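Number of protein chains: 2
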Amino acid sequence: MSHVPGLIQSIERSSAVLRLLAAGPGRLRVKEVADALALPKSTAHSILRTLEHVGFVEQDPNTARYRLGRGLLDLGADGQDGLIDLNELRGRALNWADALAARSGEEVRIGALRDDRVVVVHHVFRPDDSAQSLDTGRLLPTHATALGQVLLAYNAPAVEAAVRSGLEAYTRGTLTAPAALARSLSATRERGWALSVEEWEAGRAGLAAPVRSFGGLVVGAIGISGPVERLCDTRRQARPAQVEHVLTTARAISRDLAAS
Amino acid sequence: MSHVPGLIQSIERSSAVLRLLAAGPGRLRVKEVADALALPKSTAHSILRTLEHVGFVEQDPNTARYRLGRGLLDLGADGQDGLIDLNELRGRALNWADALAARSGEEVRIGALRDDRVVVVHHVFRPDDSAQSLDTGRLLPTHATALGQVLLAYNAPAVEAAVRSGLEAYTRGTLTAPAALARSLSATRERGWALSVEEWEAGRAGLAAPVRSFGGLVVGAIGISGPVERLCDTRRQARPAQVEHVLTTARAISRDLAAS
DNA sequence: GCCACCGTGCGACAATGTCGCACGTGCCCG
DNA sequence: CGGGCACGTGCGACATTGTCGCACGGTGGC
Chain A
1 MSHVPGLIQS IERSSAVLRL LAAGPGRLRV KEVADALALP KSTAHSILRT LEHVGFVEQD
61 PNTARYRLGR GLLDLGADGQ DGLIDLNELR GRALNWADAL AARSGEEVRI GALRDDRVVV
121 VHHVFRPDDS AQSLDTGRLL PTHATALGQV LLAYNAPAVE AAVRSGLEAY TRGTLTAPAA
181 LARSLSATRE RGWALSVEEW EAGRAGLAAP VRSFGGLVVG AIGISGPVER LCDTRRQARP
241 AQVEHVLTTA RAISRDLAAS
Chain B
261 MSHVPGLIQS IERSSAVLRL LAAGPGRLRV KEVADALALP KSTAHSILRT LEHVGFVEQD
321 PNTARYRLGR GLLDLGADGQ DGLIDLNELR GRALNWADAL AARSGEEVRI GALRDDRVVV
381 VHHVFRPDDS AQSLDTGRLL PTHATALGQV LLAYNAPAVE AAVRSGLEAY TRGTLTAPAA
441 LARSLSATRE RGWALSVEEW EAGRAGLAAP VRSFGGLVVG AIGISGPVER LCDTRRQARP
501 AQVEHVLTTA RAISRDLAAS
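As you go down the protein sequences, you meet chains A and B in turn.
Take the first sequence: its position 146, counted from the start at 1, is 146 in the working numbering, and no numbers get skipped.
Each number in the working numbering corresponds to the 1-based position in the second sequence with 260 added.
Laid out in structure tokens, this is it:
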């Protein structure tokens, strides 16, 4: 049927599907959806498959009928800290994290945003160094760590919250001026990764990249940390090989998540 | 970023936009959405514009920032009788209904589904006949009227409800067998319009077509009614000219709604 | 037990979404 | 109060992407 140019047809259609499912309590079959919207069966199925993938509809395993999914409810109740199930992020990241630790020779952390802090979802020790403490579950500041900066770079409200709650200085290198932080985050966005040198602990640096889910939504970050001299060259620039390791791993996890 | 083939990219992206808006209480700018999802500004804007059009997001007129819209909440609370604001349907249909009455020479009704009944949203008298009662607000049965059959044809759960509550016979022509009703509705779907001859009142017939909103969702029906001999030929088939009048009007209102 | 219908997947085409660019405007800073 | 920048918005061309026809396998119903 006639559709207004300038608007995206498939989104209009998917919204119609959602409205249709919301109309009655009954589950609908693919055929019924297709008939109701005057769409070919294939097209309706394609839309339903995608909506199921993003969690907006669910399919009853037995009857094969579709109903609204839980993903929609999560949208309604705002302030949800979980954009995604952290367990899923952790599960997908497990395998890759070890490999990253091995290749980079540094300890690896995976983090996500929670209440304006970075919660460490997973932590892998440095391969050849056993004298470390397990960080899983710990909360880190957003503005002073590479993980946090990645998460801030792709989430504007979190930046405001961080600024509002005061940019505490942990070392002399910590970015405490809102403008400086904004500039740094902008650079992080353009590069696609963040480098934090002695902003959190003296002598140590961090390197992190975003983990994206479907649609490109950033749901977490993965990064390595270690002594400045192992992550950076003499001019305090990130070592390209390490950047590549982190980026490759982040992309791999992203692909994994998007396919789930 | 890499996206799984077989799934619809724009729907994945729009779901990511919605999740992003749901993440924080703050309103987001176009640029922020674009940055967060690593999309060009144009693309993000196009998605936001469409989501606004379907009511899933709203734009603050002053700040131009986007937040979640009311359309999503309506999806959560199921059992909503209003798939669409009935006042909007009535408003859009007003102009066209008069013209249809004039062209067809019959009275016109516009209806929508409410609680397994057809609620008459608007009613236009026959041009040259003043001795009629105003039907606006009245509730009609679904299975025995052309308006109702159109609405049933595109809404499977409503059919079940109608069958469950018993297909009451108003005349000898009323379809009371579930199987017969199902066949009739299937034919209605294929044709795109419904004809009801002496199923509700003896000597009278109805002719109706669906009114669709964006995405093809059926939100109402419009139709004419009058003596059988004026709507049908001698073999009780619908007169093509009248069918054309109803279909054209229904499509016009649909276009109007989709552009709103 | 058979038939018909439904859900699912693939592939080719063309319509559609995407992206670059540019305009006008509002805000912020000087 | 003026200048500059960045943002929201719109258009147009290209190429990617969504769409649709068709066919397969499984299931439920008569």
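All C-beta atoms, glycine included, are put in the ideal place defined by N, C-alpha and C.
Every value quoted in this text rests on a predicted model; they were computed, and no experiment measured them.
According to DSSP, simplified to helix, strand and coil, what is residue 484 of chain B? strand
Burial state of residue 172 of chain A, where buried means 16 or more other Cβ atoms lie within 10 Å: exposed
Start and end residues, alpha helix (DSSP H) containing residue 122 of chain A: Where residue 122 of chain A is concerned, there is no enclosing alpha helix (DSSP H), although the beta strand (DSSP E) it sits in stretches over 117-124.
Hey, residue 37 of chain A and residue 16 of chain A are a contact pair by Cβ (cut 8 Å); roughly how many whole angstroms apart? 6 Å
Coarse secondary structure for residue 242 of chain A, derived from DSSP in three states: helix
Note down the Cα distance separating residue 341 of chain B from residue 21 of chain A, rounded to an integer number of angstroms. Confidence in residue 341 of chain B is poor, its pLDDT being 48 and thus under 50, which makes the residue's placement unreliable; the coordinate value appears in the next sentence. Cα to Cα, the separation comes out at about 12 Å.
Helix, strand or coil: which one does DSSP assign to residue 459 of chain B? coil
Could you pull out every residue in the same chain whose Cβ sits closer than 6 Å to the Cβ of residue 117 of chain A, ignoring the five residues on either side in sequence? 139
With a threshold of 16 other CB atoms inside 10 Å of the CB of residue 292 of chain B, please say whether the residue is buried or exposed. buried
Going by DSSP in three states, residue 106 of chain A sits in which element: helix, strand or coil? DSSP, reduced to helix, strand and coil, places residue 106 of chain A outside both helices and strands of the structure shown, so it counts as coil.
CB contact flag (residue 93 of chain A, residue 263 of chain B, <8 Å): no
Are the beta-carbon atoms belonging to residue 119 of chain A and residue 97 of chain A less than 8 Å from one another? no
If you measure beta-carbon to beta-carbon, which residues of the region 265-283 of chain B are closer than 9 Å to chain A? 266, 267, 268, 269, 270, 271, 272, 273, 274, 275, 276, 277, 278, 279, 280, 281, 282, 283
Within 8 Å (strictly less), CB to CB, does residue 135 of chain A reach chain B? no
Backbone CA spacing between residue 286 of chain B and residue 248 of chain A [nearest angstrom]: 32 Å
Using a cut-off of 8 Å between C-beta atoms, extract the partners of residue 347 of chain B located in chain A. Per Cβ cutoff of 8 Å: no residues; residue 347 of chain B is ~17 Å from chain A at best.
The alpha helix (DSSP H) enclosing residue 208 of chain A, as first and last residue numbers: It is not in any alpha helix (DSSP H) - residue 208 of chain A instead sits in the beta strand (DSSP E) that spans 204-212.
Is residue 371 of chain B helix, strand or coil when you go by DSSP? strand
7 Å Cβ cut-off: residues of chain B touching residue 51 of chain A: Result: 271.
Please classify residue 450 of chain B as buried or exposed, where buried requires at least 16 neighbouring CB atoms within 10 angstroms. exposed
Hey, out of A:55, A:60, A:30, whose CA is closest to residue 46 of chain A's CA? A:30
Would residue 258 of chain A pass as an interface residue toward chain B - the criterion being a Cβ-Cβ separation below 8 Å? yes
Could you tell me the distance, in whole angstroms, from the CA atom of residue 161 of chain A to the CA atom of residue 59 of chain A? Between residue 161 of chain A and residue 59 of chain A, the alpha-carbon positions lie close to 38 Å from each other.
If we call anything under 8 Å between Cβ atoms a contact, is residue 469 of chain B one with residue 452 of chain B? Less than 8 Å separates the beta-carbon of residue 469 of chain B from that of residue 452 of chain B.
Who are the near neighbours of residue 423 of chain B in its chain, counting only those whose CB is closer than 8 Å to its CB and skipping five residues on each side? 438, 441
So residue 143 of chain A contacts chain B; which residues on that side make the cut at Cβ distance below 8 Å? Correct list: empty, because the minimum Cβ distance to chain B is about 16 Å.
Tell me, to the nearest whole angstrom, how far the beta carbon of residue 174 of chain A is from that of residue 199 of chain A; I am working on the premise that it is less than 8 Å. 5 Å
Is it buried or exposed for residue 12 of chain A, if we count other Cβ within 10 angstroms and need 16 for buried? buried
Distance check for residue 224 of chain A and residue 100 of chain A, CA to CA, integer angstroms please. Residue 100 of chain A and residue 224 of chain A: Cα-Cα distance of roughly 8 Å.
Any C-beta of chain A sitting closer than 8 Å to the C-beta of residue 332 of chain B? Chain A contact via Cβ: present.
Is there a Cβ from chain B that is less than 8 Å from the Cβ of residue 253 of chain A? Chain B, which has no Cβ nearer than 8 Å to the Cβ of residue 253 of chain A, makes this no.
Counting only C-beta atoms, is residue 320 of chain B closer than 8 Å to chain A at any point? Residue 320 of chain B is outside the set of residues whose beta carbon lies under 8 Å from a beta carbon in chain A.
Nearest residue (CA-CA) to residue 114 of chain A, options A:166, A:142, A:108, A:14: Of the candidates A:166, A:142, A:108, A:14, the one whose C-alpha sits nearest the C-alpha of residue 114 of chain A is A:142.
Taking Cβ positions, are residue 419 of chain B and residue 455 of chain B nearer each other than 8 Å? Not in contact: residue 419 of chain B and residue 455 of chain B (Cβ atoms no closer than 8 Å).
The region 433-450 of chain B: which residues have C-beta closer than 7 Å to a C-beta of chain A, in chain order? 449
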